[in-house]
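Notes for the one structure printed next.
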């Protein structure tokens, strides 16, 4: 691995410097802005059993700064999700073979597809479940989003869809996968071992360190190396591998977000990250990469990781063992202003 180089030599980036770079992708607030200018995020997920995850993802997209958030869920999930917040636009149109009143997969795909043209990013997976009809729709929406060049953030059961058919996202550089350790390993197992071997890398990985004066811990360096190898096996898909430190890579450039988080891992934090990432990547895609410095989509991922981790730390400081995902969400606005405002 090598540090990211510039004409002035290795870039001296501290955590604050990385956050300052992340600020460069955030659009300024202005009275001239119209509804939707700061992002319109779609969340594909939510079924009878799982209604919290899509809510967490969608509301986190809003709390990070998006203007609008839509949830496309099965009929059995729509009333609970609507009741969680009046701020979400909830569409009970996601096909599910074991729910009465559900649409067919074809009708579901057509209805969701009509809305995609209004979106700036699509999150697939939170609360999706494993119903065959639902997964069929999720797969088709991934394809449609790719055809429309829409940023994709894929988590939870959306990663199961990718594991079953990696070609859905292979080579799509506007796709971000956000696996935890177990999900990451299952993705690796779905691909030929020689393709995910770090030793097979054709060129060294350029690494942006939070503190270039200190080497990465060996376990973190190994995790980043494995993450980057999987990115290359998927031809440039971006991966955020969640863990004690979050490893971020597109196969060419890597970075680690080690912003202090909480000492407790509450269920739903991954959904908070997915929603936040969708907002950040919506902003990142409004501009073009600079000649030097990390790519904008990686800065978007770093910003989402830093925000989620710092919000979890703030929530944990107040709630300790009783901290849950809504506590993290309640901190997003204030923490965003302290980090990126």
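In the UniProt record's numbering, the protein residues as written are 1 to 341. Glycine included, C-beta positions come from ideal geometry on N, C-alpha and C.
Under the three-state DSSP convention, the category residue 169 falls into: coil
Beta-carbon separation (whole angstroms), residue 21 vs residue 326, contact threshold 8 Å: Contact doesn't hold; Cβ gap of about 30 Å is too wide.
Local Cβ density within 10 Å of residue 5, reported as buried at 16 or more and exposed below that: Annotation note: pLDDT 35 at residue 5 (below 50); position unreliable, no value reported.
Inter-residue Cα distance where the pair is residue 111 and residue 137: 11 Å
Stretch-stretch touch, CB-based, cutoff 8 Å, three pairs: the segment 38-51 with the segment 66-73: yes
Cut-off 6 Å between Cβ atoms - residues of its own chain near residue 57, not counting five sequence neighbours on either side: 43, 123, 126, 271, 274 and 275
3 or more residues per run - each beta strand (DSSP E) lying fully within the segment 49-87: 68-72
Candidates 287, 36, 184 and 108: closest to residue 247 by CA position: 184
Of the listed residues 243, 251, 301 and 314, nearest to residue 342 (C-alpha basis): No answer is possible for residue 342: it lies beyond the span of the chain, which begins at 1 and ends at 341.
Among 68, 253 and 210, nearest to residue 225 - alpha-carbon criterion: 253
Local Cβ density within 10 Å of residue 214, reported as buried at 16 or more and exposed below that: exposed
Neighbourhood of residue 345 by C-beta distance below 8 Å, restricted to the same chain and skipping five residues each side: No information on residue 345 is available, as it lies outside the stretch 1 to 341 that the chain covers here.
Selection from 308, 31, 143 and 323 that minimises the alpha carbon distance to residue 258: 308
Whole beta strand (DSSP E) elements within the segment 189-240, 3-residue minimum: 206-208
Member of 156, 47, 46 and 278 whose CA lies at the smallest distance from the CA of residue 304: 278
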